[in-house]
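Okay, so here's the structure we're looking at.
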């Protein structure tokens with residue numbers, strides 16, 4: 457398959473894969489959401505009252521609120537501080553990877569796709585935690601660090617991890633996983649303009 461035909465097939469496959477991804481809501485990112493929920497609840501019990509999942513949204517409910525534009529304890533507050541996260545900003549890597557992968561027509565496509573999806577879920581988990589920490593850092597300030605029971609990265613590290621997880625990983629990780637999966641295949645050799653035979 458020529459590179460132009462491959463790109464055309466990828467674009468064509470993006471339509472049904474992105475449609476399905478949108479229709480399924482939280483399901484494409486469910487393992488990452490579940491692991492993030494467990495991790496955040498366990499790591500920040502003095503900061504978070506609960507982490508809940510509603511469709512594709514993750515909501516971090518804190519033990520703090522606001523009163524006269526000041527962050528105070530929940531008992532003194534007029535309302536509770538909560539930070540929503542639209543996980544679609546991270547999970548669009550799944551349909552993008554699916555289009556790249558299935559356009560390649562590899563042997564054992566489902567098995568290979570499952571391995572790539574597992575890696576994307578791990579990266580998504582890191583991204584969800586990073587975005588949530590960024591939201592808490594901006595909303596709570598030093599209270600996040602003084603009430604945390606586990607060591608947290610400094611603010612510059614959280615900001616860098618947030619940018620990496622939202623701007624780079626969702627687009628580049630699917631391409632890197634695809635390139636790794638086709639590196640020793642005839643399809644990959646044809647796209648790269650060299651000879652090769654597929655290896656397991």
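In our numbering, the protein residues as written are 457 to 656.
Backbone N, C-alpha and C define an ideal beta-carbon position, used for all residues, glycine too.
These figures come from a predicted structure and were not determined experimentally.
- Below 8 Å, too few C-beta pairs join the stretch 588-600 and the stretch 626-643 to call them touching: fewer than three.
- Relative to residue 497, the option among 514, 624, 486 and 481 whose CA is nearest is 514.
- Take residue 559, set aside five residues on each side of it, and the residues of its chain with a beta-carbon closer than 7 Å to its own are 462, 465, 466 and 469, in chain order.
- Per the C-alpha coordinates, the member of 631, 531, 589 and 551 positioned closest to residue 614 is 589.
- Counting C-beta pairs closer than 8 Å gives fewer than three between the stretch 531-540 and the stretch 558-575, which falls short of the contact rule.
- Between residue 576 and residue 543, the alpha-carbon positions lie close to 13 Å from each other.
- Take the alpha-carbon of residue 634 and the one of residue 553: they are about 7 Å apart.
- The Cβ atoms of residue 518 and residue 505 sit closer than 8 Å to each other.
- Taking 8 Å as the cut-off, the Cβ atoms of residue 547 and residue 630 do not count as close.
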